[in-house]
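Trainee: Sharing a structure, written as structure tokens. Questions coming.
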Amino acid sequence: MPHTHEKKPHIALTGDRPTGKLHLGHFVGSIQNRLKLQNDADQSFYMIADVQALTDNADNPEKVRNNVLEVAMDNIAAGLDPTKTTMFIQSLVPEIAELTVYFMNLVTLARLKRNPTVKSEMKDKGYEEDVPAGFLLYPISQAADILIFKAETVPVGEDQLPVIEQANEIVDKFNRFYGTGENADGEAEGVFQKIIPLVGATARLVGLDGSAKMSKSLDNGIYLSDNEATIRAKVKQMYTDPDHIHKEQPGKVEGNVVFTYLDIFDEDKARLEELKAQYRAGGLGDVEIKERLATILVDSFEEFRMRRSALEADKEAVMRILEAGTERAREVARATMQEVRKAMHIDY
Ligand code: TRP
Numbered sequence: 186m187p188h189t190h191e192k193k194p195h196i197a198l199t200g201d202r203p204t205g206k207l208h209l210g211h212f213v214g215s216i217q218n219r220l221k222l223q224n225d226a227d228q229s230f231y232m233i234a235d236v237q238a239l240t241d242n243a244d245n246p247e248k249v250r251n252n253v254l255e256v257a258m259d260n261i262a263a264g265l266d267p268t269k270t271t272m273f274i275q276s277l278v279p280e281i282a283e284l285t286v287y288f289m290n291l292v293t294l295a296r297l298k299r300n301p302t303v304k305s306e307m308k309d310k311g312y313e314e315d316v317p318a319g320f321l322l323y324p325i326s327q328a329a330d331i332l333i334f335k336a337e338t339v340p341v342g343e344d345q346l347p348v349i350e351q352a353n354e355i356v357d358k359f360n361r362f363y364g365t366g367e368n369a370d371g372e373a374e375g376v377f378q379k380i381i382p383l384v385g386a387t388a389r390l391v392g393l394d395g396s397a398k399m400s401k402s403l404d405n406g407i408y409l410s411d412n413e414a415t416i417r418a419k420v421k422q423m424y425t426d427p428d429h430i431h432k433e434q435p436g437k438v439e440g441n442v443v444f445t446y447l448d449i450f451d452e453d454k455a456r457l458e459e460l461k462a463q464y465r466a467g468g469l470g471d472v473e474i475k476e477r478l479a480t481i482l483v484d485s486f487e488e489f490r491m492r493r494s495a496l497e498a499d500k501e502a503v504m505r506i507l508e509a510g511t512e513r514a515r516e517v518a519r520a521t522m523q524e525v526r527k528a529m530h531i532d533y
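Numbering (the working numbering), first residue to last: 186 to 533.
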């Protein structure tokens, strides 16, 4: 029989650290891509990265634990479908930790210290040289998270790109040391293949205060689970044009957070262009544009809020979803570890 080249299944994987509820930045940065991929990929995985969350919360395991269900509910309410996406808890798949140990030999300490994502997180958290080893190493364990499931597409926020780049260096090293040789392009082949990161249409959402990034720690975000009153109050606080004091004055649209958000969330682009023109010319008040944005946000996430409260009423059912997903994920992880041990000649 002639050798047939079967197409490998297209596998997607993504994850969240369970350290708090998800906000609009997560939604436009990666959740939208997750939702699309769960239909487009042959298999998709969603991981609650509690092990990674503990790398900088070792002293606060309760926070991590409490947020496991929160991020699970956020994702399901946003449209992640547990019958299409295998949802699981990282710490319950110990094979990931095992693979991390072998990957540790493939990365130098100097390279870890150069990772721009880790560097900026270390700065934010005030770590100098006193960084927990586990935190410095988290890009290695994130490589294991992805590769143990042989995922090729990984929806992430823009800030995660250097982590994926580092994972791909691990792929290359592993395949060079333990692989089957080079392909026609001179790339080492073996158990693992290169990962392609997928960043959302809006790579980065500015914070309510106009700072570069919406983030939990800066407390400048709108959470997906915020209720109508909270959304309206937060939009009222948004940074606009500080020189636009009276409605009649001409205002600036660029750098005006309300318009930045309208650009993303307002589907009536023609009307939006009219409003921008009017704002620039003078005669359109901040109150009006803020009301428009608040209403759009309230409406866009109404279904989300309904689904989320239904989930909150039955958290045990959410836990059962994670347990079932974890079982499935673990089977895949076990199978990959067998391949890994064989490739490394430690399959005694
Ligand atoms: N580092 C990611 C974040 O902070 C979370 C994460 C852990 C992840 N493991 C992953 C994302 C694997 C994608 C794939 O958001």
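No residue lacks a Cβ here, since even glycine has one placed at the ideal position from N, Cα and C. Given the structure is predicted, the values throughout are model-derived calculations rather than measurements.
1) Ligand 1 heavy atoms versus the CB of R361: any closer than 7 Å?
2) If V503 and M258 are in contact, beta carbons under 8 Å, what's the gap, nearest whole angstrom?
3) If I measure Cβ to Cβ from M186 and keep anything under 8 Å in the same chain, skipping five residues before and after, which residues do I get?
4) Output needed for V391: all residues of its chain with C-beta closer than 8 Å, excluding positions within five of it in sequence on either side, in chain order.
5) Considering Cα atoms alone, identify which of F359, A263 and V253 is closest to R493.
6) Do I281 and A479 have their C-beta atoms within less than 8 Å of each other?
7) Does DSSP classify H530 as helix, strand or coil?
8) Relative to ligand 1, is the shortest distance from any of its heavy atoms to the C-beta of T271 smaller than 7 Å?
9) With T302 and Q345 assumed to form a contact (beta carbons below 8 Å), what rounded beta-carbon distance in angstroms separates them?
10) Locate the beta strand (DSSP E) running through M272, then write down its first and last residues.
11) Pull up the DSSP beta-bridge partners for S229, would you.
12) Can you give me the C-alpha to C-alpha distance between I407 and Q327, rounded to a whole angstrom?
13) Going by DSSP, what residue range makes up the beta strand (DSSP E) through L383?
14) Measuring only the C-alpha atoms, how far is L198 from L294?
15) Counting pairs of Cβ atoms below 8 Å between the stretch 474-488 and the stretch 508-523, do you hit three or more?
16) Check whether the Cβ of G214 lies closer than 7 Å to any heavy atom of ligand 1, and answer yes or no.
17) Give me whichever residues DSSP pairs with Y408 in a beta bridge.
18) Tell me where the alpha helix (DSSP H) around V438 begins and ends.
19) Helix, strand or coil for P340 per DSSP?
20) Could you name the residues of the same chain whose beta carbon sits closer than 8 Å to that of K461, not counting the 5 residues immediately before and after it, in chain order?
21) Please state if the CB of G510 and the CB of T240 are separated by a distance shorter than 8 Å.
22) Flag this pair as yes or no: are the beta carbons of R202 and A238 separated by less than 8 Å?
23) Taking buried to mean at least 16 other C-beta atoms within 10 Å of its own C-beta, is D315 buried or exposed?
24) According to DSSP, which residues form a beta bridge with G366?
25) Please report how far the alpha carbon of D370 lies from the alpha carbon of P317, in whole angstroms.
Mentor: If we stick to the structure as given:
1) no
2) 6 Å
3) Confidence at M186 is low in this model, with a pLDDT of 46, below 50, so its placement is unreliable and the value that follows should be read with caution. Only residues of its own chain outside the window of five on either side were considered, and among them none has a CB closer than 8 Å to the CB of M186.
4) A397, K398, M399, V442 and T445
5) A263
6) no
7) coil
8) no
9) 7 Å
10) T270 to I274
11) A197 and T270
12) Between the alpha carbons of I407 and Q327 lies a gap of roughly 27 Å.
13) I381 to V384
14) 27 Å
15) Taking 8 Å as the limit for Cβ pairs, the verdict is that the stretch 508-523 does not touch the stretch 474-488.
16) no
17) H208
18) Counting along the chain, no alpha helix (DSSP H) covers V438, and no H or E run does either.
19) Three-state DSSP puts P340 in a strand.
20) V438 and F444
21) no
22) yes
23) Label assigned to D315: exposed.
24) E374
25) 39 Å
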